[in-house]
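For reference, the structure discussed in these notes is given below.
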Amino acid sequence: MRLLALDFDGVISDSASESFVVALRTYLAFRPGSSLMGDASDLMGTSAPLLERVHGAPAYAAFLQMMPLGNRAEDYAVVLAAIDAGLTIIDQPGYDRFRAEQDPDWLSEFHRRFYAEREGLSGADPEGWRRLMAPYAPIVDLLRRRAVDAVLAIATSKDRRSVEALLRLYGIEDLFPADRILDKETGPSKRLHVEVLARRFDVDFPGITFVDDKVNHLDRVAPLGTRCGLAAWGYNGDREIALARKRGYLVCTLAEAERQLFG
Ligand SMILES: [Mg+2]
3 MRLLALDFDG
13 VISDSASESF
23 VVALRTYLAF
33 RPGSSLMGDA
43 SDLMGTSAPL
53 LERVHGAPAY
63 AAFLQMMPLG
73 NRAEDYAVVL
83 AAIDAGLTII
93 DQPGYDRFRA
103 EQDPDWLSEF
113 HRRFYAEREG
123 LSGADPEGWR
133 RLMAPYAPIV
143 DLLRRRAVDA
153 VLAIATSKDR
163 RSVEALLRLY
173 GIEDLFPADR
183 ILDKETGPSK
193 RLHVEVLARR
203 FDVDFPGITF
213 VDDKVNHLDR
223 VAPLGTRCGL
233 AAWGYNGDRE
243 IALARKRGYL
253 VCTLAEAERQ
263 LFG
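Numbering (the working numbering), first residue to last: 3 to 265.
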């Protein structure tokens with residue numbers, strides 16, 4: 003392996019709490035009468051709630067469980083609408099059916115408003131906002147130890163400013179100079195991220211390992227001949243792990259990732 007390309011959310015950064023808070027605030031702005039309002043009293047306001055409050059919210063576990071079924075900000079609307087309706091969706095076909103029942107205009111408005119809420123929160127309480135996104139400590143340590151063994155790069159759909167702020171907070175900003183961070187401006191497809199990295203660092207595709215916590219992102223990249231690994235500590239579950247194994251991807255764990263990736 004000459005280059006290790008890593009997704010950010012769910013691989014380096016545990017951002018689920020932040021996504022939940024921003025998604026819930028967005029959802030309740032549209033549906034203030036929702037049953038989820040009871041959940042939210044501790045989580046609303048302009049500043050960021052404490053992590054313990056987020057983890058204690060009754061809807062948080064269901065949110066985590068359904069989150070892997072979606073891809074984009076508006077999927078949080080779908081997940082919260084399911085929770086609001088008292089539904090537990092356990093598989094992709096069920097999720098896709100429920101998603102198709104949602105008003106597409108509402109979903110695109112949710113998408114817009116979600117990013118405005120995030121911007122509002124990160125602006126009003128930057129410290130508290132960053133504290134909602136803890137690093138996966140073993141990965142941070144691994145990257146520090148292995149920085150000399152491969153080119154390290156980030157392939158994310160997050161925005162560069164947030165990624166750089168969090169890398170500073172995690173103490174690993176020096177490992178990722180600007181040209182090694184490909185953010186959402188590169189495009190929605192991780193395949194494009196990997197193609198740009200291959201060109202930029204003159205590495206062939208088999209010399210690259212790509213780690214993401216979403217199987218569908220690995221599916222786009224795998225045909226390039228790049229080695230793909232699912233970050234099993236991220237936002238996936240048994241369903242996704244079984245799928246990754248079936249496709250022949252590495253299934254990396256926090257305890258084993260170093261050996262699995264570097265041999
Ligand atoms: Mg991810």
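Positions of the beta carbon are idealized from the N, C-alpha and C atoms, including for glycine.
Coil, strand or helix - residue i by DSSP
i      : result
Ser110 : helix
Asp181 : helix
Pro137 : strand
Tyr89  : Note on identity: in this sequence residue 89 is Leu, with Tyr being the wrong assignment. Here Leu89 sits in coil by DSSP.
Ile174 : coil
Ile210 : strand
Asp239 : The amino acid occupying residue 239 in the given sequence is Gly; Asp does not appear at that position. Three-state result, Gly239: coil.
Arg4   : coil
Leu144 : helix
Leu256 : coil
Burial state of residue i, where buried means 16 or more other Cβ atoms lie within 10 Å
i      : result
Gly231 : buried
Glu242 : buried
Ile210 : buried
Glu76  : buried
Lys216 : buried
Val150 : exposed
Cβ-heavy atom distance, residue i to ligand 3, below 6 Å
i      : result
Arg101 : Ligands displayed in this structure: ligand 1; ligand 3 is not among them.
Proximity below 7 Å, CB of residue i to CB of residue j
i      : j      : result
Tyr97  : Trp235 : no
Phe100 : Ile91  : yes
Tyr251 : Leu226 : no
Ala31  : Asp127 : no
Ala7   : Leu26  : no
Ile141 : Arg162 : no
Val205 : Leu66  : no
Rounded distance between the beta-carbons of residue j and residue i, thought under 8 Å
i      : j      : result
Lys192 : Asp214 : 6 Å
Phe10  : Thr158 : 4 Å
Glu260 : Leu144 : 5 Å
Leu134 : Val23  : 6 Å
Phe178 : Val196 : 16 Å between Cβ atoms; not a contact.
Leu168 : Ser21  : At roughly 14 Å, the Cβ-Cβ gap does not stay under 8 Å, so Leu168 and Ser21 are not in contact.
Chain C contact for residue i (CB, 7 Å cutoff)
i      : result
Phe207 : Structure shown: chain C not included; a single protein chain is present.
field: By C-beta, the residues closer than 7 Å to any heavy atom of ligand 1, given in chain order
entry: Asp9, Phe10, Asp11, Gly12, Val13, Asp214, Asp215, Lys216, Gly236 and Tyr237
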